[in-house]
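Peer 1: A single structure is presented below for examination.
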Amino acid sequence: MNSKKIALIVVFTALTALLNLSPIKIPAPYAPFLIYQVWEVPIVTVSILYGFSLGLIVSIVNTFVLLLVFPGALPTGPLYNLAAVVSMLLGIYVAKSLVTGFINLRNETVSIITLTMLGTVLRVAAMTIINWFFLPYPPPVGFSMPAEIVVTMLPVIGFFNATLALYTIPLGVILARAVKDRSSAVNAHLS
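All letters in the sequence shown, in the order written, are residues 34 to 224 by the numbering used here.
Written out as structure tokens, the structure reads:
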């Protein structure tokens with residue numbers, strides 16, 4: 034791994050960890066134990082700019098930071114976060130391969146919609162399966178929820194995952210586009 038990739042991983046992981054540990058947290062009004070945050074935006078941004086593998090590495094390093102510093106209500110909670118982020122990044126990766134590029138406003142809009150839709154669908158599907166399987170287990174893996182409760186919670190958790198992805202992915206794509214435009218302008222100015 035070259036020094037540029039290492040620097041990108043360090044910078045984006047630090048930004049992700051700072052946002053994750055920041056007081057910017059909004060409990061979902063319909064389920065206060067689910068928290069809306071913006072820490073996943075830098076992960077989406079680095080994934081769009083530099084590829085799935087760098088987004089995955091930043092996600093994994095962030096998970097280790099969370100496990101050490103702020104695991105949340107469940108010690109394995111950061112692993113649930115990792116599964117949610119990785120499934121969303123996979124959706125973005127697949128959608129990005131389907132989209133030809135950001136050429137004009139119409140194509141950029143179509144790109145954002147495509148990335149958001151596939152990232153959201155994969156995240157919700159993966160987390161529905163993971164939550165259905167693991168929430169019945171006792172801590173530290175799950176919450177010892179009876180199967181009937183898990184089934185009633187899955188739509189609520191699915192809605193949370195969908196709405197989180199619906200703002201995280203577009204913000205990450207827009208930020209990636211701004212960084213790309215800015216670096217292109219700087220490079221043109223230096224030439």
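Just so you know, even glycine gets a beta-carbon here, dropped at the ideal spot from N, CA and C. Just so you know, these numbers come straight off a predicted model, no measurement behind them.
List the endpoints of the continuous beta strand (DSSP E) containing Y126.
Peer 2: The count along the sequence shown starts at 1 and reaches residue 126 at position 93. It is not in any beta strand (DSSP E) - Y126 instead sits in the alpha helix (DSSP H) that spans G110 to L131.
Peer 1: Could you give the first and the last residue of the continuous beta strand (DSSP E) run that contains F66?
Peer 2: Working through the sequence shown from its first residue, we reach residue 66 at position 33. It spans A64 to Y69 - the beta strand (DSSP E) in which F66 sits, taken as one unbroken run.
Peer 1: For A106, does the three-state DSSP call read helix, strand or coil?
Peer 2: In the sequence shown, counting from the first residue as 1, residue 106 sits at position 73. Per DSSP, reduced to three states, the secondary structure at A106 is coil, with no helix or strand assignment.
Peer 1: By Cβ distance below 7 Å, which residues in the same chain neighbour P203 in space, the five residues on each side in sequence not counted?
Peer 2: Taking the sequence shown and counting its residues from 1, the one referred to as residue 203 is at position 170. Same-chain partners within the cutoff: I145 and T149.
Peer 1: Quick one: grab the DSSP three-state call for P188.
Peer 2: Sequence index remark: in the sequence shown, residue 188 carries index 155 (1-based). P188: helix per DSSP, three-state reduction.
Peer 1: If we require 4 or more residues per run, which alpha helix (DSSP H) segments fall completely within the region 69-98?
Peer 2: 74-83
Peer 1: For K38, I'd like the list of residues in its chain whose CB is within less than 7 Å of its CB, leaving aside the five on either flank, ordered along the chain.
Peer 2: Residue mapping note: residue 38 aligns to position 5 of the sequence shown, counting from 1. Correct list, in chain order: L87.
Peer 1: Spatial neighbours of K213 within its chain, please: CB distance less than 7 Å, with the 5 preceding and 5 following residues excluded, ordered by chain position.
Peer 2: For this step, residue 213 is matched to residue 180 along the sequence shown. Excluding residues within five positions, the ones whose Cβ falls inside 7 Å are L82.
Peer 1: So for I162, helix, strand or coil by DSSP?
Peer 2: As a working mapping, residue 162 is identified with position 129 in the sequence shown. In the structure shown, I162 sits in a helix (DSSP, three-state: H, G or I).
Peer 1: Select from L112, R210, I182 and L155 the residue whose C-alpha is nearest the C-alpha of N140.
Peer 2: Residue 140 sits at position 107 when you count from the first residue of the sequence shown. Closest option to N140, Cα to Cα, is R210.
Peer 1: F167: which of V74, N35, V184 and K58 sits nearest, CA to CA?
Peer 2: Numbered from its first residue, the sequence shown carries residue 167 at position 134. Measuring from the Cα of F167, the nearest candidate turns out to be V184.
Peer 1: Taking P60 as the reference, give the member of T196, V206, S216 and I207 with the closest Cα.
Peer 2: Against the sequence shown, residue 60 aligns to sequence position 27. Among T196, V206, S216 and I207, the Cα nearest to that of P60 is on T196.
Peer 1: Mark N194 as exposed unless 16 or more other C-beta atoms lie within 10 angstroms of its C-beta, in which case mark it buried.
Peer 2: As a first step, residue 194 must be located in the sequence shown, where it is residue number 161. So N194 counts as buried.
Peer 1: Measure the alpha-carbon distance for V154 versus A106 and round it to whole angstroms.
Peer 2: What you label residue 154 is simply residue 121 of the sequence shown in a count that begins at 1. What you label residue 106 is simply residue 73 of the sequence shown in a count that begins at 1. Rounded to whole angstroms, V154 to A106 spans 26 Å at the Cα level.
Peer 1: Could you work out which residue in M121, P108, L67 and L54 is closest to S80 when comparing CA atoms only?
Peer 2: Position 47 of the sequence shown, counted from the first residue, corresponds to residue 80. Selected option, being the one with the closest Cα: M121.
Peer 1: Return helix, strand or coil for I39, following the three-state DSSP convention.
Peer 2: Translated into the one-based positions of the sequence shown, residue 39 becomes position 6. In this structure, I39 counts as helix in the three-state DSSP scheme.
Peer 1: From the DSSP output, in three-state form, read off I59 for me.
Peer 2: Counted from its first residue, the sequence shown places residue 59 at position 26. I59: strand per DSSP, three-state reduction.
Peer 1: Is DSSP giving S177 helix, strand or coil here?
Peer 2: Taking the first residue of the sequence shown as position 1, residue 177 is located at position 144. Note: S177 maps to coil in three-state DSSP.
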